[in-house]
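One structure is given below, encoded as structure tokens.
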Amino acid sequence: MERRIPKHVSIIMDGNGRWAQARGKERVYGHFEGVESVRACTEAAVEEGVEYLSLYAFSEENWNRPAAEVETLMGLMMKSIENEYETLMRNRVRFVVLGNRERLGAALNASIDTLMEQTAGNDRMTLVVFLSYSGKWDILQAMKKAAAELGAEGVQRLGIADVDRYLVTAGIPDPDLLIRTSGEQRISNYLLWQCAYTEFVFTDILWPDFRKEAFRAALDEYARRDRRYGKVK
47 MERRIPKHVS IIMDGNGRWA QARGKERVYG HFEGVESVRA CTEAAVEEGV
97 EYLSLYAFSE ENWNRPAAEV ETLMGLMMKS IENEYETLMR NRVRFVVLGN
147 RERLGAALNA SIDTLMEQTA GNDRMTLVVF LSYSGKWDIL QAMKKAAAEL
197 GAEGVQRLGI ADVDRYLVTA GIPDPDLLIR TSGEQRISNY LLWQCAYTEF
247 VFTDILWPDF RKEAFRAALD EYARRDRRYG KVK
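First residue of the sequence shown: 47, per this note's numbering; consecutive thereafter.
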């Protein structure tokens with residue numbers, strides 16, 4: 047029997063700091079190593095036929111981290127974005143960034159826009175990176191957008207399915223599988239609306255050690271799940 051592949055896999059990339067500290071290094075060293083895991087999982091997702099891979103890279107709450115770490119992370123993200131063009135084009139991967147981008151610097155936003163435009167025609171897989179994102183923020187901005195467009199009476203007529211088009215993920219299917227690394231078992235204000243029927247896989251592996259083999263193991267676990275969506279089979 048052919049293995050069932052999730053259409054959309056999302057990952058909460060956790061454990062970079064702990065990975066570095068366990069090696070006697072600064073926390074930011076783990077973030078640099080974590081970039082290699084991003085590359086490996088992106089390649090594995092393409093190879094396995096996943097259509098959407100999304101990564102929780104930086105939350106709204108992460109702005110509260112020490113200023114030096116935030117600055118390093120922003121610099122790393124810019125460098126990574128600029129370095130991934132050839133890999134994305136070779137694998138025909140479309141690149142998308144979602145979140146509260148008003149909080150990002152002008153240079154980073156410019157790099158994001160450039161790569162999104164360059165990869166817009168790629169059709170093998172979509173890589174979604176969530177930057178300055180939180181689920182509560184997403185729902186709030188959706189409410190404001192709907193109210194501005196529809197008015198009070200129009201909002202009253204909204205159905206559950208109508209809400210999707212006001213979220214930043216409009217047009218992107220909800221995750222079938224959410225993976226969180228590092229042993230933590232929570233979703234940390236991530237895709238709160240979109241994960242209503244998502245399958246969760248929690249692993250003790252720290253993100254810098256999460257490579258292709260671990261990604262495929264998570265897909266194997268997903269394939270064993272019986273997704274009923276509240277129905278009886």
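Don't be surprised by glycine CBs; every beta carbon is placed ideally from N, CA and C.
Please identify the residue among the options whose C-alpha is closest to the C-alpha of residue i.
{"i": "Ile158", "options": "Val247, Gly205, Ile251 and Phe176", "result": "Phe176"}
{"i": "Leu144", "options": "Glu82, Glu115, Thr118 and Val214", "result": "Val214"}
{"i": "Leu265", "options": "Leu99, Trp109 and Asp60", "result": "Leu99"}
{"i": "Leu134", "options": "Arg147, Ile51 and Met171", "result": "Met171"}
{"i": "Asp169", "options": "Val96, Phe246 and Val74", "result": "Val96"}
{"i": "Arg111", "options": "Val74, Ala86, Asn146 and Met123", "result": "Val74"}
{"i": "Glu128", "options": "Asn137, Gln164 and Glu94", "result": "Gln164"}
{"i": "Leu224", "options": "His54, Trp183 and Val116", "result": "His54"}
Let me confirm a value: residue i is counted as buried when at least 16 other C-beta atoms fall within 10 Å, else exposed. Which label applies?
{"i": "Arg69", "result": "exposed"}
{"i": "Arg274", "result": "exposed"}
{"i": "Arg270", "result": "exposed"}
{"i": "Gly167", "result": "exposed"}
{"i": "Gly229", "result": "exposed"}
{"i": "Ile206", "result": "exposed"}
{"i": "Ala188", "result": "buried"}
{"i": "Gly63", "result": "buried"}
Is it true that the CB of residue j sits closer than 9 Å to the CB of residue i?
{"i": "Gly181", "j": "Ile233", "result": "yes"}
{"i": "Tyr236", "j": "Asp220", "result": "no"}
{"i": "Trp239", "j": "Ile185", "result": "yes"}
{"i": "Ala192", "j": "Asp208", "result": "yes"}
{"i": "Met59", "j": "Leu101", "result": "yes"}
{"i": "Asn137", "j": "Ser178", "result": "no"}
May I ask you to report which of helix, strand or coil DSSP gives residue i?
{"i": "Ala216", "result": "coil"}
{"i": "Val96", "result": "coil"}
{"i": "Arg274", "result": "coil"}
{"i": "Leu186", "result": "helix"}
Using a Cβ-based criterion (distance less than 8 Å to any ligand heavy atom), does residue i qualify as near the ligand NAP?
{"i": "Trp109", "result": "Among the ligands in the structure shown, none appear at all, so the ligand NAP cannot be discussed."}
Inset, instruction - Entirely within the segment 128-178 and at least 4 residues each: give me those alpha helix (DSSP H) ranges in chain order. - result: 131-136 and 152-165
Inset, instruction - Write down every uninterrupted run of the alpha helix (DSSP H) in the segment 72-126 whose length is 4 residues or greater and which is fully enclosed by it, in chain order. - result: 73-94
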